[in-house]
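2 protein chains.
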Amino acid sequence: MTSTAPMDERLARAALTRTVEPGDEHAGRWIRHYGATGFLERLLRPDTANSTFTSTDLSASTGSFGSSGEEAFPGTGRRRVASWQLRATAAEPARDLDTVHALGGRFLIPGDTEWPRQLDDLGDARPLGLWLRGPADLRTWALRSVALVGARACTPYGAHLATGLATDLARKGWVVVSGAAYGIDGAAHRGALAAGGATVAVLACGIDVPYPRGHDRLIRRVAEQGLVVGELPPGSHPTPSRFILRNRVIAALTRGTVVVEARHRSGSLSTARAATRLGRHTMGVPGPVTSALSAGVHELLRGDATLVTDAEEIVELVGDMGQLAPARRGPVLPRDLLAPAAAHVLEAVPARGPTPTTAIARRAGTHPDETLAKLYELHSLGFVERHGEGWRLTNTATQASNARRGGT
Amino acid sequence: MTSTAPMDERLARAALTRTVEPGDEHAGRWIRHYGATGFLERLLRPDTANSTFTSTDLSASTGSFGSSGEEAFPGTGRRRVASWQLRATAAEPARDLDTVHALGGRFLIPGDTEWPRQLDDLGDARPLGLWLRGPADLRTWALRSVALVGARACTPYGAHLATGLATDLARKGWVVVSGAAYGIDGAAHRGALAAGGATVAVLACGIDVPYPRGHDRLIRRVAEQGLVVGELPPGSHPTPSRFILRNRVIAALTRGTVVVEARHRSGSLSTARAATRLGRHTMGVPGPVTSALSAGVHELLRGDATLVTDAEEIVELVGDMGQLAPARRGPVLPRDLLAPAAAHVLEAVPARGPTPTTAIARRAGTHPDETLAKLYELHSLGFVERHGEGWRLTNTATQASNARRGGT
């Protein structure tokens, strides 16, 4: 990418997701200071990019800028800046955006209506943007979401629990967020999908990269019925540090993190620790003390985490949403401000009795996956509630609807 | 029993254990007011016993004393007083004392050197006295004791855990207290006995009543190597309320209560709740959330209880004994103030290296059970410490011993 005209913010942030590793607070500080476009422009400036750094510099120096006033990023290591510059120069954000659009995906940046504002709690480690695929609105889904995470090499007990909890959470109208890994993560996504529920997979790679391989179909299914999200541009591969940094996004997106099985020092514990740091609820499902796969969970439970044994206990905790709990107090938006697609689905929800998603989809003439996505949005906004396998209008929504129709 | 001469305190309290049900705070208040002998004398006085009450009163009246100044126990229900009087009259405390002495047992009352003063935390529900059998000193044992309790119909997982925890606690020099019931209680006593350790069974019946039947041999073994304790006089049988009230004694005697397996609303939870009320540590060992026998424990752990997974974590919690921790700071008593039997065993502990109980018993010429009991007392008093299967002098005890011998 070359710096010629003033850059578009979205294009700049797309380029930066290829330039800077997820969660780099150093870059985050410069972006806060210069703005995304300003930061990228500085990286691409010929005087810094070409004259100050050469590949010799890159391999020879570990020092930092900071003494000379000419330097663009005082206090940031020279090698780090050189690496950013090399990657920024190679970035082709327009092509990345095209790739993702071709998949039916999109690229969200802070300020977008769909941007989940709770990610701002990550401060300078906030994602630069989010690549995503799927029919749902990430912001409204995230408002009523819980992370279910745990060991890859889980036991049948753990897999059974994760599936059951995800199914029950989905039935209660909660969105299940996880990391698409083998073991607990996969069981969580599958449990939510099986209940015809909502699920979000946050990947540590590009959203077009099926990782792990064996979850290719699962991830595709999540992208159809839910959302597949990631910080990394298309084609990117996961690395150990990307897995760990991905976990902070799972923790920040959701109202709480439940760890189902985890060994001592397991990666899933990093999600739980991030949740605690961010003021989210941290929960753990206990298991036999004779199982090494419960040892990490028990460690958490001996600290600040809350022991939970079923979906009801999880919802009891995360459901106390205070200001964020529109479902408890009726819609937060006037019906007329709904996006047309959501308003259209809402019109198709009958006034009486719970109605299955498929019946609503038929009435609305929309695809069931798309319909489900909108129903979860409407749920988050307090217009509808889930009842068993069906959906119905909330009391408040019914009153509003009656009032509009001139009823009582 | 008839009221003739001023009564001996021990005799009066022995009679009262047959008169008043365990934990009766009403009686406790009168005893605090009149003293044990005064209270009993009032119950036995012909004017109250014979003229005020008849068996007709007993069946007809549910009213209370309180208006007339002549009445002995204003504010206490008439039926209750009548029942006390009938039972006090029938009591034969001298015979009960003889029965228990014949078994090699004894009857402790508040003020005795062996009385565990932490029972005073029970206030007016404090036991009136304790009947006990066994070679050990209850007061010193209780100072380093933990209750391990749980379900009668436990799972193999629970039994395995209880045995293992008891063995490990015993190896670390802790006394395991439980209720001699089937299931977790029995496993706890057996685990401690198997490690050659110390254990106390607190019964909800007379200490000569083998309840449950199938634990006849186990209870006898505990009485030989440890202590069998109860509030009820010889020959008394357990009742549901006696089981529940027994639990408060287990909670009060110990530094903390660990619940291993318990269903929702199980009796073991009453021990845990009593422990919490008394400011003792309450702990629970988690299990599979799919097991109904862990549901009660998980309920506790969602409240104030601490999750523990092994003996080390238990000791970490209860071992922080503050003022009560003589073992951490050397002996609390000068060696010369030790009871002769304990001093005799202490002399037999070699200056160097851990020595098994049997070897110390041989050197002292005392029975191994008696020796073990004294070693646990010496442990509580900070003279010896346990090391694997053996015992050795604590540093402080060694220094004191060297000083006495003129060493350095």
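Those protein sequences? They're chains A and B, same order as listed.
Residues in the first sequence are numbered consecutively from 7, following the numbering used here.
Residues in the second sequence are numbered consecutively from 7, following the numbering used here.
Ideal Cβ placement from N, Cα and C applies to all residues, glycine included.
Selection from the options that minimises the alpha carbon distance to residue i
i	options	result
S276 (chain B)	B:E305, B:E15 and B:D102	B:E305
P141 (chain A)	A:G111, A:L387 and A:G170	A:G111
L144 (chain B)	B:V264, B:R86 and B:V181	B:V181
D30 (chain A)	A:A280, A:G129, A:G220 and A:L138	A:G129
A200 (chain A)	A:Q231, A:G189 and A:S274	A:Q231
H107 (chain B)	B:P246, B:P240, B:R308 and B:W90	B:P240
T119 (chain B)	B:T146, B:S242, B:T260 and B:Y217	B:T146
D174 (chain A)	A:T105, A:L103, A:L224 and A:E318	A:E318
H39 (chain B)	B:L50, B:D102 and B:P80	B:P80
R86 (chain B)	B:T260, B:H221, B:S274 and B:E27	B:E27
R252 (chain A)	A:I190, A:A348, A:A347 and A:A131	A:A131
H221 (chain A)	A:T245, A:H243, A:S242 and A:D191	A:D191
L92 (chain A)	A:T105, A:L103, A:R51 and A:R101	A:R51
S242 (chain B)	B:W36, B:D102 and B:R35	B:D102
Contact check, residue i vs residue j, beta carbons under 8 Å
i	j	result
V255 (chain B)	P133 (chain B)	yes
H287 (chain A)	V321 (chain A)	no
V183 (chain B)	V206 (chain B)	yes
G179 (chain B)	R369 (chain B)	no
P374 (chain A)	G396 (chain A)	no
T23 (chain B)	A94 (chain B)	no
A278 (chain A)	Q124 (chain A)	no
V314 (chain B)	V295 (chain B)	no
A194 (chain B)	A172 (chain B)	yes
R227 (chain B)	G203 (chain B)	no
G212 (chain B)	L233 (chain B)	no
P356 (chain A)	G394 (chain A)	no
V265 (chain B)	V155 (chain B)	yes
L284 (chain B)	D127 (chain B)	yes
W121 (chain B)	A33 (chain B)	no
F249 (chain A)	A210 (chain A)	yes
R341 (chain B)	A349 (chain B)	yes
R35 (chain B)	T312 (chain A)	no
Sequence-distant residues of the same chain with beta carbon closer than 7 Å to residue i, five excluded per side
i	result
S297 (chain B)	T161
A21 (chain B)	M7, L46, A94, A97 and P99
G328 (chain B)	Annotation note: pLDDT 43 at G328 (chain B) (below 50); position unreliable, coordinate value reported separately. Contacts found: none.
T169 (chain B)	A193, R196 and G197
E15 (chain A)	A42, T43 and I115
L167 (chain B)	V266 and V291
A229 (chain B)	R139 and G140
S272 (chain A)	A157 and G302
I225 (chain A)	A186, A207, P216 and V234
D104 (chain A)	none
Per DSSP, cross-strand counterpart(s) of residue i
i	result
S151 (chain A)	A:V181
P362 (chain A)	A:G396
V206 (chain B)	B:V183 and B:L233
W137 (chain B)	B:F113 and B:G236
T312 (chain B)	B:M289
G262 (chain B)	B:H287
V390 (chain B)	B:L399
Close-in-space but distant-in-sequence residues of the same chain around residue i (CB under 8 Å, 5 per side omitted)
i	result
R299 (chain A)	Here residue 299 (chain A) is Leu; the residue named in the question, Arg, does not match the sequence. Excluding positions up to five away in sequence, the list reads A157, A159, C160, T161, G164, E267, A268, R269 and G293.
T60 (chain A)	Confidence at T60 (chain A) is low in this model, with a pLDDT of 42, below 50, so the placement of that residue is unreliable and no value is reported for it.
V390 (chain A)	L352, V355, L381, L384, W397, R398, L399, T400 and A403
D310 (chain A)	T282 and T288
S247 (chain B)	E27
Neighbourhood of residue i by C-beta distance below 6 Å, restricted to the same chain and skipping five residues each side
i	result
A18 (chain A)	A42, T43 and L46
A187 (chain A)	R158
L136 (chain B)	L114 and V235
M13 (chain A)	T43
A367 (chain B)	P374 and T377
T364 (chain B)	P374
V303 (chain B)	V265, A268 and G290
A379 (chain B)	P141 and A142
D316 (chain B)	none
Self-check item: Within 8 Å of chain A by C-beta, residues of the segment 281-303 of chain B in sequence order
Solution: If the cut-off is 8 Å between Cβ atoms, the segment 281-303 of chain B has V291, P292, G293, P294, V295, T296, S300 and A301 near chain A.
Quiz item: Taking a cut of 8 Å between CB atoms, which residues from the segment 166-193 of chain A lie near chain B?
Solution: Of all residues in the segment 166-193 of chain A, H166 and L167 have a Cβ within less than 8 Å of some Cβ in chain B.
Quiz item: the segment 306-323 of chain A: which residues have C-beta closer than 9 Å to a C-beta of chain B, in chain order?
Solution: Within the segment 306-323 of chain A, the residues whose Cβ lies closer than 9 Å to some Cβ of chain B are L307, R308, T312, L313, V314, T315, D316 and E319, listed in chain order.
Self-check item: Near-chain E residues of the segment 373-401 of chain A (beta-carbon distance less than 8 Å), N- to C-terminal order
Solution: Going by chain labels, chain E is absent from the structure shown, which instead holds the protein chains A and B.
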